[in-house]
Structure formats: C-alpha cells, structure tokens
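Enquirer: Structure below; questions to follow.
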Amino acid sequence: MNKNLQLNNDEIQVRSGCKDVWNAFMAKNAVFGKYDIPYCPTTAKQIPKDQVTWEEAKQIHRKSIAKGEKEYFVDAFINWNVDDYKFDGPHGIWHDWKNALNIIKHFAGIITPDFSTYQDFPETIKIHNTYRMRLYGYWLGKEGIAVINNVRWGTVESFDYCFEGIPVNSIVAIGTVGGGPRKLVDRPRFETGLYTMVKVLKPHTILVYGSANGACFDELKKQGINIVSYQSKTSKDFERRKQHE
375 MNKNLQLNND EIQVRSGCKD VWNAFMAKNA VFGKYDIPYC PTTAKQIPKD
425 QVTWEEAKQI HRKSIAKGEK EYFVDAFINW NVDDYKFDGP HGIWHDWKNA
475 LNIIKHFAGI ITPDFSTYQD FPETIKIHNT YRMRLYGYWL GKEGIAVINN
525 VRWGTVESFD YCFEGIPVNS IVAIGTVGGG PRKLVDRPRF ETGLYTMVKV
575 LKPHTILVYG SANGACFDEL KKQGINIVSY QSKTSKDFER RKQHE
C-alpha cells in the first residue's frame with residue numbers, strides 16, 4: 375500500500391457548478407493502495423452480538439419511526455448480504471447516502487457493503503465495486519460508525535486486488551449464504567480464497583454470515599483463528615415457517 379498517496383479535497387480545484395456524482399467527498403484524506411483502492415480502518419472495538427441485513431434494518435427503521443421512537447438503538451451490525459438491487463442503484467446507499475446514514479446511525483455498526491464481484495463480471499467492475507466497499511466503510515468510520523471490513527473474492531485473478539485496503543491482523547467478515555463451502559461445485563474456489571485471505575490479512579477473527587460448518591473452518595480454528603457465525607435471515611425464516619407447520 376502506498377501510504378503517501380492521499381486525497382485532500384481542500385487542495386482540489388473544483389469547477390463552479392460541478393456535482394459530485396462519484397462521492398469524491400467520501401475520500402477526503404483517504405490513503406490509497408493498488409488500483410487506488412482506499413484503506414478502510416477497522417473501527418469496531420467489539421465483536422457484533424448479531425447481524426441483520428439492510429432489508430431488515432430498513433424495516434426496523436420504518437416501524438420505529440412510525441411508533442415515534444426517533445432515538446431507537448439496535449445492538450446489531452448491518453450487512454448487505456442481499457441482492458444488489460436491494461441496496462444499490464438510484465435510491466440505494468451509494469447515491470442516497472444521507473438517508474442511508476440516518477438509518478445506519480441507529481445500529482451498533484456495519485459490515486462494509488457487499489457490492490458484488492461475480493466471477494463473470496468484467497474485471498473493471500469487480501475492481502470498482504471493491505473500491506466502493508472500502509470507500510463507503512472508510513467514510514462511515516469517519517462519521518463515527520463502527521466498521522468491520524467485508525471480504526469478497528472471486529477466482530484467483532481477483533486476489534490481485536480483493537484484499538486491498540483491509541487492515542492486517544484485524545476482524546474481517548465474509549458470507550456463505552448462497553454459495554461457499556456448502557456447494558460442492560463452489561467449494562474449491564471458496565476454500566482457495568479463504569486460505570489466501572488468511573495468508574494475506576492474517577485476521578484474528580472471522581465473522582461468518584451463514585453457516586460456518588465445514589473442514590475449512592475447522593482448520594482455521596486449529597490455527598487459533600476465532601470463527602464467529604451468525605444465522606442468516608433465510609435460515610431464520612425457514613425455522614419460523616417450520617414452527618408454524
């Protein structure tokens with residue numbers, strides 16, 4: 375990482391009438407590394423007690439405000455382990471960041487957004503979405519939000535950038551919902567990325583949204599890494615349906 379490369383918005387000449395459609399304001403005083411991916415410090419001091427998706431967080435917010443509970447607090451971290459259209463786009467967290475922040479501040483913290491880096495995406499889009507993950511987390515950290523970095527990798531070529539901007543020997547978060555070690559066809563790719571992440575980032579704790587069952591996680595536990603798993607919304611919904619049958 376090039377820690378000498380910084381962006382200070384006060385030193386940039388802005389043409390009159392320009393609109394910041396790229397959210398450059400978020401990058402003020404950021405430190406950039408490879409591919410200009412920003413460094414996102416881990417600002418969370420404790421392991422989250424629970425995780426909720428952005429969809430759940432919005433629902434909690436609407437109900438709380440409707441009840442007149444303007445200062446409500448939820449002791450859970452928000453994650454974005456949902457389809458991108460549910461949090462990205464014209465009215466998503468990137469463009470409507472003011473509204474997003476008004477919701478986020480009521481929660482204990484966030485896992486950085488999981489902007490997708492699907493294997494069949496063009497490499498430029500995957501790098502751009504990695505950039506947005508780090509920048510959004512960096513900005514929220516400056517806003518006083520507790521932040522833990524989400525790590526998302528694809529096939530081996532993504533290892534060139536997907537771990538950029540994340541502190542070494544910290545807490546990181548991953549998701550196993552919809553893929554990962556549970557699917558035989560995806561297991562080798564997932565495990566290769568997981569072991570590479572551990573080698574590069576040396577995390578002392580890995581938060582897993584979804585199942586953390588599997589030989590790969592057992593191996594990491596043997597290495598002394600703390601594995602903390604959180605039941606996914608899909609799993610919770612399934613349990614509730616079973617109870618009412």
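In case it helps, my numbering puts the sequence shown at residues 375 to 619.
Heads up, the beta-carbon is just placed ideally off N, CA and C, and yes, glycines get one too.
So, do the segment 521 to 532 and the segment 432 to 442 have three or more beta carbon pairs nearer to each other than 8 Å?
Expert: The segment 521 to 532, when compared against the segment 432 to 442, does not touch it at the 8 Å Cβ threshold.
Enquirer: Measuring CA to CA, which of Ser609, Thr579, Lys576, Leu568 is closest to Ala589?
Expert: Per the Cα distances, Leu568.
Enquirer: What are the boundary residues of the beta strand (DSSP E) that includes Ser390?
Expert: Here Ser390 belongs to no beta strand (DSSP E), and DSSP marks it neither H nor E.
Enquirer: Is it buried or exposed for Leu558, if we count other Cβ within 10 angstroms and need 16 for buried?
Expert: Classification for Leu558: exposed.
Enquirer: Helix, strand or coil: which one does DSSP assign to Gln425?
Expert: DSSP places Gln425 in strand when its eight states are reduced to three.
Enquirer: Name the residue from Lys479, Thr550, Val456 whose alpha carbon lies nearest to the alpha carbon of Phe489.
Expert: Nearest option by C-alpha distance: Val456.
Enquirer: Mapping DSSP to helix, strand and coil, what is Pro577?
Expert: Here Pro577 sits in coil by DSSP.
Enquirer: Assuming Leu514 and Ile478 make a contact with CB atoms under 8 Å, what is their CB distance in whole Å?
Expert: Confirmed, Cβ separation roughly 7 Å.
Enquirer: Starting from Gly483, trace the alpha helix (DSSP H) in both directions and tell me its first and last residue.
Expert: Gly483 -> not in any alpha helix (DSSP H); beta strand (DSSP E) instead, spanning 481 to 485.
Enquirer: Given a cut-off of 7 Å on the beta-carbon distance, is the pair Asn453 and Thr427 in contact?
Expert: It is a contact, given that the beta carbons lie within the stated cut-off.
Enquirer: Is it buried or exposed, Lys393, if we count other Cβ atoms within 10 angstroms and call 16 or more buried?
Expert: Under this definition Lys393 is an exposed residue.
Enquirer: Taking the C-alpha atoms as reference points, what is the distance between Phe447 and Lys610?
Expert: Using only the alpha carbons, I get a separation of about 21 Å.
Enquirer: So, using beta-carbon positions, are Asn575 and Val551 closer together than 7 Å?
Expert: The residue asked about is misnamed: residue 575 is Leu in this sequence, not Asn. Not in contact: Leu575 and Val551 (Cβ atoms no closer than 7 Å).
Enquirer: By the three-class DSSP mapping on this structure, what secondary structure does Val405 have?
Expert: Note: Val405 maps to strand in three-state DSSP.
Enquirer: Determine the burial state of Thr498: buried for a count of at least 16 other Cβ atoms within 10 Å of its Cβ, exposed for fewer.
Expert: Thr498 comes out exposed.
Enquirer: For Arg508 and Pro577, which I take to be in contact (beta-carbon distance under 8 Å), what is that distance rounded to the nearest angstrom?
Expert: No, Arg508 and Pro577 are not in contact; Cβ-Cβ is about 16 Å, not under 8 Å.
Enquirer: When every heavy atom of the ligand MG is checked, does at least one fall within less than 6 Å of the C-beta of Gln420?
Expert: The model depicted lacks the ligand MG and carries no ligand whatsoever.
Enquirer: Among the residues of its own chain, which have a CB less than 8 Å from the CB of Asp424, if the five just before and after it don't count?
Expert: If we look at Asp424 and ignore the five residues flanking it on each side, its Cβ neighbours are Asp449, Ala450, Phe451, Tyr604.
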